[in-house]
Amino acid sequence: MKNILGLLILSAVILASCSSNDTSDMNTTTDMNTDMSETMDGSNMNEDMNTDMGMEDQNMNEEGVMVGGAMMVPSLDIVDNAMNADNVTTLVAAVQAAWLVDTLKSEGPFTVFAPTNDAFDALPAGTVDTLLMPENKDQLTKILTYHVVPGAYTSADLEDGMILTTVEGEDLEITYVDNVWYVNGVEIQTADVISSNGVTFVIDSVLMPSA
78 MKNILGLLIL SAVILASCSS NDTSDMNTTT DMNTDMSETM DGSNMNEDMN TDMGMEDQNM
138 NEEGVMVGGA MMVPSLDIVD NAMNADNVTT LVAAVQAAWL VDTLKSEGPF TVFAPTNDAF
198 DALPAGTVDT LLMPENKDQL TKILTYHVVP GAYTSADLED GMILTTVEGE DLEITYVDNV
258 WYVNGVEIQT ADVISSNGVT FVIDSVLMPS A
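Take my numbering: the last position of the sequence shown gets the number 288, and nothing is skipped along the way.
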């Protein structure tokens with residue numbers, strides 16, 4: 078009889094132990110599922126991704142003007158827009174060499190007549206390389222600031238025969254012939270490129286101030 082009672086007690090202890098382990102395993106599994114659910118949940122990880130993608134989509138969907146294979150958008154400043162265009166890379170390099178980046182990224186506003194790479198290539202051989210030398214910074218600055226006018230002018234603000242005074246100090250003349258705008262007789266290829274701190278007109282020749 079004592080042997081039977083001892084076996085019954087031993088069996089009860091084993092069953093209780095097994096029940097406790099099963100409960101512990103279930104709780105562990107529940108915690109793991111909770112952690113995995115929190116990790117895989119889109120509320121945290123996807124929130125950051127959606128924020129970044131949303132900003133990219135905003136830039137991609139923003140209306141603007143196509144220049145050099147890139148969309149020039151009003152949310153970017155004049156320099157940042159120019160750096161995205163592949164047809165004004167020489168101008169960007171010149172602006173950097175003349176230390177005018179901070180100026181053209183400032184509040185402004187400015188109106189910039191931006192020569193294309195082809196416009197710089199049309200200059201006498203070696204001219205650009207010479208202008209980009211540190212010792213010629215003053216001359217380069219004079220030329221570049223001759224392409225910049227204080228204030229933001231769109232084509233709607235221009236008038237035939239209009240005179241604009243540049244940052245360099247000399248004047249530019251605007252003319253309108255056969256539905257085409259010109260600045261100092263140079264054709265404006267792309268007008269009204271709106272940036273956050275001004276307006277850019279893309280031109281097909283480099284404007285030269287008086288010596």
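Where is the CB? At the ideal position from N, CA and C, for every residue including glycine.
Outcome for residue i when other beta-carbon atoms lying within 10 angstroms are tallied against a minimum of 16
{"i": "D255", "result": "exposed"}
{"i": "E245", "result": "buried"}
{"i": "S232", "result": "exposed"}
{"i": "N158", "result": "buried"}
Spatial neighbours of residue i in its chain, beta-carbon cut-off 8 Å, leaving aside the 5 residues before and after
{"i": "E184", "result": "N274"}
{"i": "D217", "result": "Note on identity: in this sequence residue 217 is Leu, with Asp being the wrong assignment. A171, A174, A175, L208, L209, listed in sequence order."}
{"i": "I240", "result": "D248, L249, E250, I251"}
{"i": "K219", "result": "E245, P286"}
Residue closest to residue i, alpha-carbon to alpha-carbon, out of the options
{"i": "S287", "options": "I265, Q173, T243", "result": "T243"}
{"i": "V263", "options": "I271, M160, I251, M143", "result": "I251"}
{"i": "T180", "options": "I155, A202, M143, F197", "result": "I155"}
{"i": "N261", "options": "A268, T267, Y253", "result": "Y253"}
{"i": "P151", "options": "E139, L235, M285", "result": "E139"}
{"i": "V189", "options": "A229, A162, D195, G145", "result": "A229"}
Contact check, residue i vs residue j, beta carbons under 8 Å
{"i": "A191", "j": "I280", "result": "yes"}
{"i": "T193", "j": "V225", "result": "no"}
{"i": "T277", "j": "V283", "result": "no"}
{"i": "S272", "j": "M149", "result": "yes"}
heavy atom of the ligand SAM below 7 Å from residue i C-beta
{"i": "V279", "result": "Here there are no bound small molecules, and the ligand SAM is not part of this structure."}
Pairwise C-alpha distance: residue j and residue i
{"i": "T204", "j": "K214", "result": "13 Å"}
{"i": "G141", "j": "L153", "result": "11 Å"}
{"i": "G238", "j": "P211", "result": "37 Å"}
{"i": "T167", "j": "F197", "result": "7 Å"}
{"i": "M143", "j": "M160", "result": "13 Å"}
{"i": "A162", "j": "K182", "result": "16 Å"}
{"i": "D206", "j": "Y259", "result": "27 Å"}
{"i": "G145", "j": "E236", "result": "27 Å"}
Same chain only: Cβ atoms within 7 Å of residue i, ignoring 5 sequence neighbours per side
{"i": "P289", "result": "The question about residue 289 has no answer, for the chain in this structure spans 78 to 288."}
{"i": "L221", "result": "A171, V172, A175, L177"}
{"i": "Y223", "result": "T243, E245, E247, L284, P286"}
{"i": "V169", "result": "A159, M160"}
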